[in-house]
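Since the structure comes first, as C-alpha coordinates, the remarks are kept for the end.
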Amino acid sequence: MKQKNQTSPYESLEKQLLSLFFSGIYISSHDIRQLGVKIGIELPVKDRNILLSRLFGDANKENKNIELYAAISDFIKSRAREYTALGNNYPHTKPLVSKWLQKAKSTDLLIKREMNNL
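Be aware that the sequence shown starts at 295, since it is given in the numbering used here, and climbs by one per residue.
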(Lines of atoms letter the chains of each structure in order from A; the text may use other names.)
(Lines give C-alpha, C1' and ligand atoms only; values in the text may rest on other atoms or scores of the structure.)
Protein backbone atom coordinates (compact mmCIF):
# COMPACT_ATOMS: atom_id res chain seq x y z
CA MET A 295 0.00 0.00 0.00
CA LYS A 296 1.44 3.36 -1.04
CA GLN A 297 1.45 6.17 1.43
CA LYS A 298 0.46 9.54 0.10
CA ASN A 299 2.81 12.37 0.85
CA GLN A 300 1.35 14.77 3.33
CA THR A 301 1.30 18.15 1.63
CA SER A 302 0.88 21.53 3.17
CA PRO A 303 -1.89 23.78 1.88
CA TYR A 304 0.89 26.35 1.49
CA GLU A 305 3.27 24.06 -0.41
CA SER A 306 3.10 25.86 -3.76
CA LEU A 307 3.55 29.24 -2.08
CA GLU A 308 6.49 27.88 -0.08
CA LYS A 309 8.14 26.59 -3.26
CA GLN A 310 7.59 29.95 -4.96
CA LEU A 311 9.17 31.84 -2.07
CA LEU A 312 12.14 29.49 -1.71
CA SER A 313 13.08 29.58 -5.39
CA LEU A 314 15.09 32.58 -6.55
CA PHE A 315 14.22 31.60 -10.12
CA PHE A 316 10.49 31.98 -9.49
CA SER A 317 10.31 34.63 -6.76
CA GLY A 318 13.18 36.91 -7.75
CA ILE A 319 14.32 37.08 -4.12
CA TYR A 320 16.44 34.90 -1.90
CA ILE A 321 15.03 34.26 1.55
CA SER A 322 17.59 32.97 4.03
CA SER A 323 16.90 31.01 7.20
CA HIS A 324 17.66 34.19 9.13
CA ASP A 325 15.09 36.11 7.06
CA ILE A 326 12.43 33.47 7.74
CA ARG A 327 13.17 33.56 11.46
CA GLN A 328 12.89 37.37 11.40
CA LEU A 329 9.50 37.10 9.68
CA GLY A 330 8.45 34.84 12.55
CA VAL A 331 9.68 37.34 15.13
CA LYS A 332 7.63 40.10 13.45
CA ILE A 333 4.43 38.14 14.03
CA GLY A 334 5.38 36.74 17.43
CA ILE A 335 6.45 33.24 16.41
CA GLU A 336 9.81 31.90 17.58
CA LEU A 337 11.50 29.47 15.22
CA PRO A 338 14.56 27.27 15.82
CA VAL A 339 17.59 27.35 13.55
CA LYS A 340 16.74 24.86 10.81
CA ASP A 341 16.78 24.40 7.04
CA ARG A 342 14.88 27.06 5.06
CA ASN A 343 12.30 24.55 3.79
CA ILE A 344 11.50 23.35 7.30
CA LEU A 345 11.41 26.87 8.72
CA LEU A 346 9.07 28.27 6.10
CA SER A 347 6.74 25.29 6.34
CA ARG A 348 6.66 25.57 10.12
CA LEU A 349 6.14 29.34 9.96
CA PHE A 350 3.09 28.91 7.72
CA GLY A 351 1.75 26.13 9.93
CA ASP A 352 2.26 28.03 13.18
CA ALA A 353 0.80 31.22 11.72
CA ASN A 354 -2.26 29.26 10.64
CA LYS A 355 -2.67 27.66 14.09
CA GLU A 356 -2.40 31.07 15.77
CA ASN A 357 -4.66 32.81 13.23
CA LYS A 358 -1.82 35.08 12.14
CA ASN A 359 -1.97 34.39 8.40
CA ILE A 360 -2.76 37.97 7.47
CA GLU A 361 0.09 39.24 9.63
CA LEU A 362 2.46 36.72 8.05
CA TYR A 363 1.44 37.62 4.51
CA ALA A 364 1.84 41.32 5.33
CA ALA A 365 5.33 40.67 6.78
CA ILE A 366 6.31 38.67 3.67
CA SER A 367 5.00 41.45 1.43
CA ASP A 368 7.02 44.03 3.39
CA PHE A 369 10.11 41.82 3.08
CA ILE A 370 9.65 41.51 -0.69
CA LYS A 371 9.24 45.28 -1.04
CA SER A 372 12.39 45.83 1.03
CA ARG A 373 14.37 43.49 -1.22
CA ALA A 374 12.93 45.21 -4.30
CA ARG A 375 14.19 48.56 -2.98
CA GLU A 376 17.64 47.02 -2.46
CA TYR A 377 17.62 45.65 -6.01
CA THR A 378 16.54 49.02 -7.40
CA ALA A 379 19.41 50.72 -5.57
CA LEU A 380 21.80 48.06 -6.86
CA GLY A 381 20.63 48.64 -10.43
CA ASN A 382 20.97 52.40 -10.03
CA ASN A 383 24.45 52.20 -8.48
CA TYR A 384 25.72 49.61 -10.97
CA PRO A 385 24.03 50.27 -14.33
CA HIS A 386 25.59 47.20 -15.95
CA THR A 387 23.52 45.01 -13.57
CA LYS A 388 20.18 46.52 -14.65
CA PRO A 389 19.22 43.73 -17.11
CA LEU A 390 19.61 41.07 -14.40
CA VAL A 391 18.18 43.19 -11.60
CA SER A 392 15.14 44.14 -13.68
CA LYS A 393 14.29 40.44 -14.08
CA TRP A 394 14.53 39.96 -10.30
CA LEU A 395 12.35 43.02 -9.73
CA GLN A 396 9.67 41.76 -12.11
CA LYS A 397 9.61 38.37 -10.40
CA ALA A 398 9.56 40.00 -6.95
CA LYS A 399 6.57 42.13 -7.99
CA SER A 400 4.77 39.04 -9.29
CA THR A 401 5.48 37.21 -6.04
CA ASP A 402 4.18 40.17 -4.04
CA LEU A 403 0.97 40.12 -6.10
CA LEU A 404 0.65 36.40 -5.38
CA ILE A 405 1.03 37.08 -1.63
CA LYS A 406 -1.60 39.82 -1.78
CA ARG A 407 -3.98 37.55 -3.69
CA GLU A 408 -3.50 34.82 -1.07
CA MET A 409 -4.11 37.39 1.68
CA ASN A 410 -7.37 38.46 0.03
CA ASN A 411 -8.49 34.82 -0.16
CA LEU A 412 -8.31 34.40 3.62
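Even glycine gets a Cβ: it sits at the ideal position worked out from N, Cα and C.
- Residue state for Val339 is assigned as coil, using DSSP reduced to three classes.
- Across the set Leu307, Glu361, Lys340, the C-alpha of Glu361 shows the shortest separation from the C-alpha of Ile333.
- Taking the Cα positions, Thr387 is about 21 Å away from Thr401.
- For Gly351, the closest C-alpha among the options Asn411, Glu308, Arg407 is that of Glu308.
- DSSP places Thr378 in the helix class (H, G or I) of the three-state scheme.
- Judged by DSSP in its simplified three-state form, Asn383 adopts helix.
- With respect to the 9 Å criterion, Ala374 and Met409 are not classified as neighbours on the basis of their beta carbons.
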